[in-house]
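Student: Questions regarding the structure given below will be posed in turn.
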């Protein structure tokens, strides 16, 4: 076997390499989805932390003006 043939075989993409790419993309998308779940459901809906910084300054969280100022 010549060295050119061995090199060409080594550069060939294998099924394992393709599967690894699929798992990486899937893991990335699941990570983004899980981050959105934690932010949207846990922090905002369950813990209601979306009003956490509203009470600072002249606009308390207990008034409509305070909530409007926070929401721009």
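Numbering (this note's numbering), first residue to last: 392 to 463.
Glycine is no exception: its CB is placed at the ideal position from the N, C-alpha and C atoms.
Runs of 4 residues minimum, wholly inside the region 397–436: which ones carry the alpha helix (DSSP H) assignment?
Tutor: 406–428
Student: Cβ of residue 405 within 7 Å of any heavy atom in the ligand PLP?
Tutor: Looking for the ligand PLP in the displayed structure turns up nothing, as the structure carries no ligands at all.
Student: So, with DSSP's three-state summary, where would you put residue 458?
Tutor: Residue numbering aside, residue 458 sits at position 67 when the chain shown is read from its first letter. Three-state DSSP puts residue 458 in a helix.
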